[in-house]
Structures are given as C-alpha cells and as structure tokens.
C-alpha cells in the first residue's frame, strides 16, 4: 500500500534525517512509530504522505511515485496527515468551513462536499460544533476537528504525528479512541508518539534512532526488546511492573498488561486463587 | 513569606464586547520550597494564573502578593522565574551566553558575577558549556527549553513558575528536566508547574491545584487527589486503586513502578504466610 525503498533524506542545511529506510505499510494496519526527538519520526511521516520527496530511493503510495508531480493530487486523496498542534491546521472561520476546504480543493461537486463534511463530523462526534470557530474548541475537540478536516477528504491512510502530546490525559485518550474506531472501520493508521503506553494495541511498532528503524515487531516483542531502554525509551509502566514482578516469580501474562483493570484482576486471581 | 492570592478574578478584553472571564475568586498560598502542580483542561485558566504571579497580568479584583511585594515590582520579578511552554517564544539573543546574561545584566549584576552565574545555570540544566556560543535557535526543542530554564535559574529565583515544561520532549529529555527540577526544589526554591503530564510529574508534586472553568475545584496532596479520582489516573495509580476496590489492602499512595512492586510483594508475602493484611499507610 505504501512502500519505501532505500529512502534517505537530508534537510537543506545538510542534517541527515532518514537513512536507507525500507518499509512497507499494509492496508488496514495500525503501525506505531516511536523514537527520541530528532530520530526522524516526523520526516518519515512527511515521506509516507508524499509531503517531502526522498533524497535518494523512492516512496510508492498505492502505485504512485511521490517524485512524480502529476500524481500528487491522487496521493493527497489517499493519505492524510494530522499534526501535533491543531491550531496551525485550521483555515476556516467555522468547523464546517474548515472541513469543506480539503474536498473543495479536490474539486468535488458541492453535494459531494456536503456529504464528506457531514460524514467527517459524525465520525468525530463534532456535529454540535459545526458552526463554532475551530479556534474556540478545547484541545481534544480541536485535535478531533483537525482529524475531521483530513477525514473529509476520505483518505484510506491516516498519519498522526504526536497528536496527543499537547492534550490533557482525558482529551488524549478520547482522540486515541476515535483513531482506534477509524482503524476498526478499515482505515490504515500510522501513529507517531513518544508514549509507548499508546501503542499496546498496535499491529506493529517501529522504533527509530538516528534516522534508522532500529527495532520492528509486534508490541509484545518490541516491549521485551532489551535495546529499547538503551535507546532512552522507558517501557509502559504496567509492562515494566510485570517485568519486575517476573523476577520475583509473579508471572503476569501479556494480555493482562493491556489495562489497569486487567492487571488488577490477574493479581487478585493469583493471590486469592478463588 | 509566601505567594498569596486572595479572591483574585481576571477577564480578558475587560469592559469590551469580547470580555472573556478567565479566573474567578482564586485564593491560593504557595510557600517557599514547595512543589505545586497546577492541573486542568485547556482553557481552564492555568496559564492566566501563572501570568498573575509575575505581574504580566494584573487582577481585576483581589490581590496578589509575592513575599508581601507587588508582583510588578522589580524585586518581586527577580524572585519569580518564569519559563513558558514554547521556549522559542522567550529566546531572542544571538548566543546562549547572551541569552542567559540578558536578565542578569538588566538586574544590574556585574559582568563578572553574571559570568559566574551563567556557568552555574548551564551546569544545573545539564547543558554542555560548548552550547554557550551557539545560536539558541539552532538548538533542539529540549535544549531550547533548558536554555529558557537556565535564564530563569541564573537569577536564583525563590519561586520558579513553569508552563508545561516537558510537553513535546522525548522521555530522556523529560527525565533530564524533571531531575533538574527535583534538584532545584531540594535547594529550597518553590517549583510551580502547569502540567497535564501526571505520569511524569506525579512523583514530584507535593500539592495539586485543579482549575476548572476559572475556579479552583480541588486543592490538596497528590494522595488525596488520587483518592478523589476526578481525572484519569496514571496506569499504576489506577491499577492500585482497582486492587484496593477488590479488597487487596495496598497503599493507595503507590503510583510509581517501584512503589507498586514493593506493595504487591508485601501483600503476596502476607498472603503466603496467611497473616492478616493491612495497608502500610494511608489506610
């Protein structure tokens, strides 16, 4: 679906950002990307969406090479990116106008634009804010409005670049839940974060370091990789607790580390043995 | 003498059609050496509150006093160090050295004394001395945050006020800033931080102030904040609360991996011995 072949990229001042990346994102996957500041995560997002062209190598998005200018509109329809700060992404005076901007630029007929806007508002549960200025929304609502602006273009693949990092925990959880629902409906998701806790349910996790993919695998194998902590990326706290308990003979299965409730239930089961 | 706010209210664009109330009847006291977290959703009034501490905003009603001084007085401004969320917004000099020197020279310190304090400040935020000659805008986000922090610390403030100081930093960057803040607090400076990063800050916070729609809706210890459960808890705290609700007598104040491990092993050992169980504290 999206394929990176030997992709390298340096910024104009010479700073290398990506080095020889080979990667395939499959249809319907939820891929988590994690790494330190400056590891190349955001540059990867820009490559996956065709917003940056590779220095060497090539990026092919559903058969369309991102270096071919005639394919850019096709790529925009197919993949959308939501960034960290929603306020930098708003262009409309109202939420509704903002959502219409993308489909208008794709030259869709007015009836179709209306349908796209209504659908995006429904999927993000923002119907009641349609006439509000996007700048008056709370952090979580604002991030959902930015997401709705992308959804209105009906992309098959959505890329999220640290969308929860500026939100309070409650809003962050709500935005992530909305993203998980979209994944269940068949969207392909690439989710970039600093927070491993958010990637427990991912199909695959990529760990980046100095422009390269250092670790790749399902959450269970990535979280148990001994190199993870060498890269300065602490484990989710429940997984770290389970690993510590294991050294004391208390075995918590992987499935029980998915939520505090499941973890507590397993501890009760072990200790009470009822 | 502490920071004292008495019945403080503040509105933006006051007496205009765009008047927007931001804070209502806030009363708050912060002592030297405390570590206080100001929590709340976006738009709750957290950042507005911090701007009242150093006179950037003046209350429309009520009083703000810093050690008995008017917050817009020069001496009060020296006592309060401010670091904003977007460090780039408060940097403007050509080199990191000039940046940190700016406040010191404005307060009348000699070049020699300023230099001594600049080196001390740069050390305390774990920045390499080689960074002093660099352009602050060529630094990474985490490094810029540390330069902003060093500029505030160079004035040796009694109260350090921070607005989301670890947002956007990677885990290693967060840890460095948190370790620095712990050191600063241990040296007797009050640290007052606006944050929604409960997981990062919780082990450090001595007191939590929760603001909702411009009013303080909770004020107390982190333990009582956890018990109240008014916001999503960090996973460990949430799991420990769940254990207590299921009848396992663990200490509710355990919210780090180390604390939880110790508590669970204590309970396990007690179960194995078949002895009666009690929580270690806070029960």
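Residue numbers (the working numbering), protein chains in the order written: chain A, 1326 to 1599; chain B, 272 to 554. Heads up, the beta-carbon is just placed ideally off N, CA and C, and yes, glycines get one too. Being a predicted model, the structure only gives us computed values, none of them experimental.
- Beyond the five residues adjoining it in sequence on each side, residue 1563/A comes within less than 6 Å, by CB distance, of 1582, 1588 in the same chain, given in chain order.
- By the Cβ rule, the segment 339 to 357 of chain B does not count as touching the segment 1523 to 1538 of chain A, because fewer than three pairs are nearer than 8 Å.
- For residue 391/B, the number of other beta carbons within 10 angstroms of its own is below 16, and it is reported as exposed.
- Cβ contact annotation for residue 1560/A (same chain, cutoff 8 Å, sequence separation greater than five): 1521, 1548, 1553, 1554, 1568, in chain order.
- Residues of chain B with a Cβ closer than 9 Å to the Cβ of residue 1575/A are, in chain order, 535, 536, 539.
- Uninterrupted alpha helix (DSSP H) stretches at least 4 residues long and entirely within the segment 1510 to 1555 of chain A occur at 1544 to 1548, 1552 to 1555, given in chain order.
- When CB distances to chain B are screened at a threshold of 7 Å, the residues of the segment 1449 to 1482 of chain A falling below it are 1463, 1464, in chain order.
- Along the length of the segment 485 to 517 of chain B, whole alpha helix (DSSP H) runs at least 4 residues long occupy 493 to 499, 506 to 516, reported in chain order.
- Across the set 294/B, 298/B, 330/B, the C-alpha of 294/B shows the shortest separation from the C-alpha of residue 314/B.
- With a contact defined as Cβ atoms closer than 8 Å, residue 1480/A and residue 1405/A qualify at about 4 Å.
- Nearest Cα to residue 1421/A within the set 1557/A, 1456/A, 1440/A: 1456/A.
- Listed in chain order, the non-local C-beta contacts of residue 1429/A below 7 Å within the same chain comprise 1438, local neighbours out to five positions each way being set aside.
- The beta carbon of residue 350/B is closer than 7 Å to those of 337, 338, 428, 429, 430 in its chain, skipping five residues each way along the sequence.
- Residue 472/B is positioned such that its CB atom lies closer than 7 Å to that of residue 466/B.
- The residue from 529/B, 526/B, 521/B with its alpha-carbon nearest to that of residue 541/B is 521/B.
- Contact annotation: residue 506/B and residue 1585/A have beta-carbon atoms nearer than 7 Å.
- Straight through space, the alpha carbons of residue 306/B and residue 1445/A are spaced by roughly 43 Å.
- The alpha-carbon separation between residue 1473/A and residue 284/B amounts to approximately 31 Å.
- In the three-state reduction of the DSSP assignment, residue 1415/A falls in the coil class.
- DSSP, reduced to helix, strand and coil, places residue 1506/A within a helical segment of the structure shown.
- Secondary structure at residue 397/B: coil, using DSSP grouped into helix, strand and coil.
- Assigned with DSSP and collapsed to three states, residue 1373/A falls in helix.
- Here DSSP, grouped into helix, strand and coil, assigns residue 353/B to strand.
- Using a Cβ-Cβ cut-off of 7 Å, residue 1378/A does not count as an interface residue toward chain B, since no Cβ of chain B sits closer than that to its own.
- The C-alpha of residue 1478/A is placed about 18 Å away from the C-alpha of residue 1389/A.
- Our two residues, residue 1483/A and residue 380/B, have alpha carbons roughly 54 Å apart in a direct line.
- Annotated as proximal: residue 493/B and residue 479/B, with beta-carbon spacing under 7 Å.
- Between residue 1344/A and residue 1537/A, the C-beta gap is smaller than 7 Å, which places the two residues in contact.
- The straight-line gap separating the alpha-carbon atoms of residue 364/B and residue 497/B is approximately 43 Å.
- A distance below 7 Å between beta-carbons, with the five flanking residues on each side excluded, links residue 319/B to the following residues of its chain, in chain order: 281, 293, 294, 328.
- Among the residues facing chain B, residue 1585/A is included, as its CB has a counterpart in that chain under 7 Å away.
- Listed by position along chain A, the residues whose Cβ is nearer than 8 Å to that of residue 415/B form an empty set, because the closest Cβ is around 11 Å away.
- No Cβ-Cβ contact shorter than 7 Å links residue 419/B with residue 357/B.
- Residue 1425/A sits in a helix when the DSSP states are folded into three classes.
- Within chain A, the residues placing a beta-carbon under 7 Å from that of residue 510/B are 1563, 1585, 1588, 1589, ordered along the chain.
- Counting along the chain, no beta strand (DSSP E) covers residue 327/B, and no H or E run does either.
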